[in-house]
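Below is one structure; the comments refer to it alone.
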Amino acid sequence: MRTCRAVFWNNCRGGPGGIIPLGRGLGVVPPWFFFRELKLKSFLAWGEEETPRFWYFPGGHHVQNILLPKNGTTVPDRRGVRLENPTSIEAFMPRYPDRFIEEVRERVDLLGLVGRHVQLKKSGTNWLGLCPFHNEKTPSFSVRPDRGFFKCFGCGQGGDAFEFVMKLRGMTFNETVEELAATVGLPLPVAERGGEISHEKGKHRAQLFNVLSQASDFFHSLLMSDKGRKALEYFQERGLTESTIRRFRLGYAPPGWQTLAEHFKGMTNAPGLLEEVGLRINKGDASHAYDRFRDRVIFPIHDLKGRCVGFGGRTLDPQGKPKYINSPETVLYQKGQILYGLHQSQEAIQKRGEVILVEGYMDLISLASHGVDHCVATLGTALTDEQLRLIWQRSRKVIYCFDGDNAGRQAAWKALEKSMDGLEADRHVRFLFLPQGIDPDQFIRRHGREEFLALAEKAIGLIEFLTERLGMDLTLSHPEGKAALVARMRPYLLRVSDPLLKELFVDSLAKKINIPAWTIFRTPRPGPMLGLGGNKKNKKGSLDLPPLGGRDLERTLLGLLLRFPELISEHEETLASLRLNNPEYSGLLEVLVAMGPAILSGGNVLDLENLPGDAWSRLAIVILTQEEVVPEYPKEELANCLELLQIKRLDTLKKQTHEEKRFNTETFADSCRRVTALQLERRRLMASRGSRGH
């Protein structure tokens, strides 16, 4: 029997030389392997038997022990896949290990992934929506997040997360793996040569999950027994019902040092497995290993598939230290990549379209027990990029709920810092601060669900929190206070990449402190903005202007004219004849040149209210926010920009004229003369720039 470990193909999507990764056991195969005929180019084979066979599973996307026939004969399956000229080879293109692909599949939240493209509604264990792959009016598209697959009963499309992305975006399998790995925060492994599949690693990983699952069940059973009476009373005193306790699989770890060792003594390699998942501590002497969690209530931590990956434990001793301990990071558990309670709250988040982020286990569980189910919690760390990504995957609205004390506001500020770079027009960030000294657990037990939700409706927006935080020591009724606040706010506003959202934030801030919006991105002259540096004179006395080639020259030009409108009259003739490629920019340039001095208010200052129409004012604000560096020598910068735009225009005309020479012989002589003239003009401009040290 000759078992194929990898197959090269010629005509499937992705082009020649792509790889279908296979293995001695199960190997993942790109889904289109089953939907189109493949002409296979070559293979790598192992084994000594001469009679090849082909095992094939038409209903799934896994193949076991692909066995190749000799001499290019047709494989005996109903799709008639034909192997052409199979030959043994020693090496093949790099691919990602099967274990890595499986880990990506495990981490991807299919419901969140599909939910970004399809509006889904719960129906039993399924989620239904209109199929994105064909037009339909009645939903026939079903997602089973617990099983990790989707299926459309209208057009027949179906598969897992990989298939969904490939079908939706026309990507290759490897491209899809890379994109989904990035979305779940997994670094790409170094490509392997030979692609050996480690089934032992897969088995070991399954053993670790099994140990954690059994430990979780054990802790939960102890909580519900007489041994856990004290722990159960602790939860009941906090208003938790039995259904909530079972939903979150809460448990109890007794005081003994060897409880888990006794419970798992019949399992092979139990001591090593317990240590590897962080349930036992071994400081070098196995005979002195002991349980990590002792006399504590237990909070199991689950991944997106509901599998236990770690634990948190709270002491029952009022004087006990530390109050909370958590599992260490393991191959299954990285605390910065998991949100506590996300597995249990996904459905409520999807239904409500909003996430409330809290800090502690009991905060989340207490809120859930009172019917506030759309919550998640960090695991003893500041909010991470990966946790924020998990939130944005499921909802476009997030409320950060923190205590009203200094520690809570500091945590909120860190969350704001983390959120700034990922803001988009349809992402809403708000902040809910509870009365000082009260956490969410205490608040909802005292005041109930309706009052908590009413308070959440009053959560302040990002600009309000920024203004409050950065302006707490300023007198905003005075001009000096307003100017200081704008200077502090500007770096944060510049981090907002979405132009529309940035413009709205600028408008909101302007209204809040009662100043014109356009002044927020205007700075005193001369001098650089935000300490980013201006232009300096070199030893020869000429200017070292920043290179403009990598910037948008047209936008840079308009930014200069908007900040230094008095320069328009100095270059009026050149500007009037200049034609920009961007039609909006070209229109704004015509307006600026046509208005001339009329655009200025007193003191050579631009007044955007003088522009004819709100559209031009909005475009001007967007340009001013994007062109954040203010040059120290604007005249030289403008001349530099105009020359580069003219050179760029000459290059375009020269190219067009060359094309005329090729295809229009009647005007060949005229075209040659124009090319010569353009070359001379370009040389003149370049020489002029060179003489000034550019």
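Residues are numbered in the numbering used here as their position in the sequence shown, beginning at 1, plus a constant of 94.
Glycine residues also receive a C-beta, built at the ideal position from the N, C-alpha and C atoms.
- Residue pairing by DSSP places Leu222 opposite Lys215 and Ser236 in a beta bridge.
- Along the stretch 308 to 352, the beta strand (DSSP E) occurs as fully enclosed runs of 3 or more residues at 345 to 347, listed in sequence order.
- In terms of CA proximity to Phe342, Phe393 leads the group Arg332, Ala355, Phe393 and Leu368.
- DSSP, read as helix, strand or coil, puts Lys359 in coil.
- Beyond the five residues adjoining it in sequence on each side, Phe615 comes within less than 6 Å, by CB distance, of Leu718 and Thr719 in the same chain, given in chain order.
- In this structure, the beta-carbon distance from Met514 to Tyr434 does not fall below 8 Å.
- The beta carbon of Ile715 sits closer than 8 Å to those of Glu597, Val600, Ala611, Trp612, Phe615 and Leu702, all from its chain and outside the five residues before and after it, given in chain order.
- Around the CB of Glu423, fewer than 16 other CB atoms lie within 10 Å, so the residue is classed as exposed.
- Non-local C-beta neighbours of Phe194 in its own chain, meaning closer than 7 Å and more than five positions away in sequence, comprise Pro283, ordered along the chain.
- Within a 10 Å sphere around the beta-carbon of Pro233 sit 16 or more other beta-carbons, which makes this residue buried.
- At a Cβ-Cβ threshold of 8 Å, Ala550 and Ile485 do not count as neighbours.
- Collapsing the DSSP output to three states places Arg408 in a strand.
- In this structure, Val391 keeps its C-beta atom at 8 Å or more from the C-beta atom of Leu426.
- Lys445 carries a helical assignment under DSSP once its states are collapsed to helix, strand and coil.
- Asn229 sits in coil when the DSSP states are folded into three classes, being neither helix nor strand.
- Pairwise C-beta distances place the stretch 364 to 374 out of contact with the stretch 324 to 334, as fewer than three of them are shorter than 8 Å.
- Leu207 is positioned such that its CB atom lies closer than 8 Å to that of Phe258.
- Phe243 and Asp254 have their alpha carbons spaced roughly 4 Å apart.
- For the 8 Å CB-CB criterion, Ile557 and Leu579 do not form a contact.
- In this structure the stretch 406 to 413 does not touch the stretch 438 to 447; the number of beta carbon pairs closer than 8 Å is below three.
- In the DSSP annotation of this structure, Tyr494 is not part of any alpha helix (DSSP H); the continuous beta strand (DSSP E) holding it starts and ends at Lys491 to Phe496.
- Under the 8 Å Cβ criterion, the stretch 644 to 664 counts as touching the stretch 727 to 739, having at least three qualifying pairs.
- Counted as a single uninterrupted DSSP element, the alpha helix (DSSP H) harbouring Ile485 occupies residues Asp479 to Arg488.
- Taken through DSSP and simplified to helix, strand or coil, Leu451 comes out as strand.
- DSSP places Cys469 within a strand segment (E or B) once states are collapsed to three.
- Taking C-beta atoms as the reference points, Pro348 and Lys321 count as a pair closer than 8 Å.
- The distance from the Cβ of Val466 to that of Phe546 is about 6 Å, consistent with a contact at the 8 Å cut-off.
- Across the set Arg488, Arg712, Tyr346 and Lys399, the C-alpha of Tyr346 shows the shortest separation from the C-alpha of Phe387.
- For Asn376, there is no enclosing beta strand (DSSP E), as DSSP gives it neither H nor E.
- Taking all protein chains shown into account, Thr475 has fewer than 16 neighbouring C-beta atoms within 10 Å of its C-beta and is therefore exposed.
- If you check the CB distance, His468 and Arg483 do not come in under 8 Å.
- Separation of Gln431 and Gly555 (C-alpha to C-alpha, rounded to the nearest whole angstrom) is 26 Å.
- Counting along the chain, no beta strand (DSSP E) covers Ile607; the unbroken alpha helix (DSSP H) around it starts and ends at Pro593 to Ile607.
- In the structure shown, His382 adopts helical secondary structure according to DSSP, grouped into three states.
- Counting along the chain, no beta strand (DSSP E) covers Asn675, and no H or E run does either.
- In the assembly as shown, Leu451 is a buried residue. Its beta-carbon has 16 or more other beta-carbons within 10 Å.
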